[in-house]
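**Student:** In the numbering used here, the protein residues as written are 1 to 161. I have a structure here, written as structure tokens, and I will follow up with some questions on it.
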């Protein structure tokens, strides 16, 4: 789990230099009892960092993370999806990851797509309404919440505590 959180956080930071038009992706990295260590604001491009011995902020062009920028045991988001918000929280050896995204297909199609691929990646899953619940291959809690929004799916993936 820690490796997943670290990889996700490190993936997001180099992309902060990318110039993309339209809405961006908000990223927040939390640890030490929920204190924000780093954050990127989707609308302004403002990057804030606060770690022991250093704090600061800079403004960079907005970023937009998409399906290819997210990897959960080899499974990307549904093709054509965009990431709206990415939250990484660390707590000792455990932590959590929350990803809010928009997919270009209806919720039931996105759920089936994830259920097939995550099942093959070792996840134990069951349908829960429009989404899925279960555990990852390393027995971390997993939840996928989905809702239809004008022919698209709005979703949230939560991994960990």
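Beta carbons are placed, not taken as given, at the ideal position from N, Cα and C, and that holds for glycine.
1. Taking the continuous beta strand (DSSP E) assigned at residue 142, which residues delimit it?
2. Within 10 angstroms of the Cβ of residue 150, are there 16 or more other Cβ atoms? Answer buried if so, exposed if not.
3. Please classify residue 124 as buried or exposed, where buried requires at least 16 other C-beta atoms within 10 Å of its C-beta.
4. Taking 8 Å as the threshold (C-beta atoms), are residue 156 and residue 111 in contact?
5. Is residue 125 near the ligand MN, in the sense that its beta carbon is under 7 Å from a heavy atom of that ligand?
6. Below 8 Å on the Cβ atoms is my contact criterion, and I expect residue 73 with residue 119 to pass it. Report the Cβ-Cβ distance as a whole number of Å.
7. Could you check where the beta strand (DSSP E) with residue 107 kicks off and where it finishes?
8. Could you have a look at residue 128 and say whether DSSP puts it in helix, strand or coil?
9. Between 89, 115, 57, 138, which has its C-alpha nearest residue 144's C-alpha?
10. So, is residue 160 buried or exposed, given that buried needs 16 or more other C-beta atoms within 10 angstroms?
11. Along the beta strand (DSSP E) that carries residue 156, what are the first and last residues, could you check?
12. Under 8 Å between the Cβ atoms of residue 158 and residue 81?
13. Does the separation of the CB atoms of residue 146 and residue 134 fall below 8 Å?
14. If I measure Cβ to Cβ from residue 79 and keep anything under 7 Å in the same chain, skipping five residues before and after, which residues do I get?
**Tutor:** To lay it out plainly:
1. As a position in the chain shown, residue 142 is number 142, starting the count at 1. Element bounds for residue 142: 141-149.
2. Translated into positions along the chain shown, residue 150 becomes position 150. It is exposed - the Cβ of residue 150 has fewer than 16 other Cβ atoms within 10 Å.
3. Counted from its first residue, the chain shown places residue 124 at position 124. Residue 124 is classed as exposed because its beta carbon has fewer than 16 other beta carbons within 10 Å across all chains shown.
4. Locating residue 111 in the chain shown gives position 111, counting from the first residue. Locating residue 156 in the chain shown gives position 156, counting from the first residue. Against a cut-off of 8 Å, the Cβ pair of residue 156 and residue 111 comes out as no contact.
5. With respect to the ligand MN, the structure shown offers nothing to examine, as it has no ligands at all.
6. Position 73 of the chain shown, counted from the start, is the residue given in the question as residue 73. Position 119 of the chain shown, counted from the start, is the residue given in the question as residue 119. Wrong, their Cβ atoms sit about 11 Å apart, outside the cutoff.
7. Mapped onto the chain shown, residue 107 falls at position 107. Not the beta strand (DSSP E): residue 107 falls in the alpha helix (DSSP H), residues 107-120.
8. To locate residue 128, count along the chain shown from 1; it is residue 128. If DSSP states are grouped into helix, strand and coil, residue 128 belongs with the strands.
9. Taking the first residue of the chain shown as 1, we reach residue 144 at position 144. The shortest C-alpha separation from residue 144 is found at 115.
10. In the chain shown, counting from the first residue as 1, residue 160 sits at position 160. With 16 or more Cβ atoms within 10 Å of its Cβ, residue 160 is classed as buried.
11. Sequence index remark: in the chain shown, residue 156 carries index 156 (1-based). Its beta strand (DSSP E) spans residues 152-160.
12. As a position in the chain shown, residue 158 is number 158, starting the count at 1. As a position in the chain shown, residue 81 is number 81, starting the count at 1. When the beta-carbon positions are compared, residue 158 and residue 81 stay at least 8 Å from each other.
13. Position 146 of the chain shown holds residue 146. Position 134 of the chain shown holds residue 134. Taking 8 Å as the Cβ cut-off, residue 146 and residue 134 do not qualify as a contacting pair.
14. Stepping through the chain shown from its first residue, residue 79 is reached at position 79. Excluding sequence neighbours, residue 79 sits near 67.
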